[in-house]
Amino acid sequence: MSMTHNDKPDRTVVRTLFALAVGLVLLFLFANAFGGEEDDLFICESGIVETATAIGYFLCIPAMLLQGGLRHLKQHFYIYLSILGMAFRELDFHTMFTTMGVLKTRYYLSPEVPGMEKLIAGTLVLLFMACLGLTVVKHVRTWFSALRAGGPRAISVAFVVGLALFSKSIDGLSRKLHVFSIEMTEAAARSGTFMEEIAELGIPLFMLAAILIYFAQQRAARTATTPA
C-alpha cells in the first residue's frame with residue numbers, strides 16, 4: 001500500500017469510515033454492558049476481540065497480495081512485515097517462546113535469558129522496528145498532504161495511528177495511575193480494559209479499509225487513463 005497523491009476526497013467513503021468508528025464505540029458499549037463471567041468471552045487471552053484483531057491483521061496480507069501481486073510485495077515488503085509483526089504481537093508471540101517479554105529492557109539485561117535467545121529476539125525486534133520506521137519515512141509526507149485534502153485512505157491511516165496511540169496510552173492504566181496515588185474502581189478498570197481491546201480491534205479494521213480504498217483508487221485511475 002503506497003501513500004501516493006491520488007487519494008482524492010470521497011464523501012461516501014469518508015462517511016463509511018466514520019460509521020465504522022461509531023460501530024466500534026457501540027461495540028464497546030455493548031461489551032461493557034456484560035458483567036461477571038461474560039467478561040472472559042470478550043477480553044480473555046484468545047477471546048473474541050483478541051482473536052478477531054489477529055484475524056484482521058492476517059486478512060490485510062492477502063488483501064494486498066491478491067490485488068497487488070508479487071510486484072507490490074517486492075516494492076512494499078516493509079509494510080507486509082510490519083503488519084505481520086503486529087499480528088504476531090497480538091497473538092503474544094513476544095512472550096510465548098521466550099523467557100520473558102522481548103519488548104522490555106530487562107529481557108536483554110537479565111542474566112536468566114540465554115545469549116542466543118537474546119540475539120534472535122533482538123534481531124527480530126530490530127527488523128520489525130526498521131520496517132515500521134521505513135514505512136513512516138517513505139510515506140509520512142504524502143500521508144499528511146492527503147490528510148489535509150480529506151483523502152479517505154489518509155483518514156483511514158489516521159484512525160490506525162490514533163487508535164494505536166490511544167490503546168497504548170490506556171494499557172495498564174490502573175498501574176500508571178497508581179504511581180500518582182490514584183486508584184481506579186473495579187468497574188472503571190474493567191471499562192478501560194474493554195476500551196483498550198476494542199481500540200486494538202479497530203487498528204486492523206481501518207488498516208484493511210485503507211488497503212481496499214487504495215486498490216479501488218488504483219483501479220479507478222487505470223480505468224480513467226485507458227482509451228475508450
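All residue numbers in the sequence shown are consecutive under the working numbering, ending with 228.
Yeah, the Cβ is synthetic: ideal placement off N, Cα and C, and Gly gets one too.
These numbers were taken from a predicted model, which means no experiment stands behind them.
C-beta atoms of residue i and residue j nearer than 8 Å
i: LEU91; j: ALA54; result: yes
i: GLY101; j: PHE159; result: no
i: THR142; j: ILE79; result: no
i: LEU81; j: LEU205; result: no
i: SER156; j: ALA199; result: no
i: SER169; j: ALA189; result: no
i: ARG153; j: TYR214; result: yes
i: GLU197; j: VAL49; result: yes
i: CYS60; j: ILE211; result: yes
i: THR98; j: GLU117; result: yes
i: LEU73; j: LEU65; result: yes
i: ALA209; j: LEU27; result: no
i: VAL14; j: GLY192; result: no
Range of the contiguous alpha helix (DSSP H) that encloses residue i
i: MET100; result: Here MET100 belongs to no alpha helix (DSSP H), and DSSP marks it neither H nor E.
i: PHE128; result: 115 to 148
i: VAL160; result: 152 to 170
i: GLU90; result: 77 to 90
i: ALA19; result: 11 to 32
i: LYS8; result: First-last for LYS8: undefined, no H or E at that position.
i: SER174; result: 173 to 178
Buried/exposed call for residue i, threshold 16 Cβ in 10 Å
i: GLN75; result: exposed
i: MET207; result: buried
i: VAL137; result: exposed
i: LEU70; result: exposed
i: LEU163; result: buried
i: VAL179; result: exposed
i: PRO9; result: exposed
i: TYR108; result: exposed
i: PHE194; result: buried
i: MET3; result: Any reading at MET3 is ruled out, since the residue's pLDDT is 48, under 50, leaving its predicted position unreliable.
i: ALA31; result: buried
i: VAL22; result: exposed
i: GLY133; result: exposed
i: ALA121; result: buried
i: PHE77; result: exposed
i: ALA224; result: exposed
Any chain D beta carbon closer than 8 Å to residue i
i: MET184; result: The chain inventory of the structure shown lacks chain D, comprising one protein chain alone.
Supposed contact pair residue j and residue i - C-beta distance, whole angstroms, cut 8 Å
i: ASP7; j: ALA146; result: 4 Å
Subject >> Minimum length 4: unbroken alpha helix (DSSP H) runs contained in the segment 176 to 209 >> reply: none
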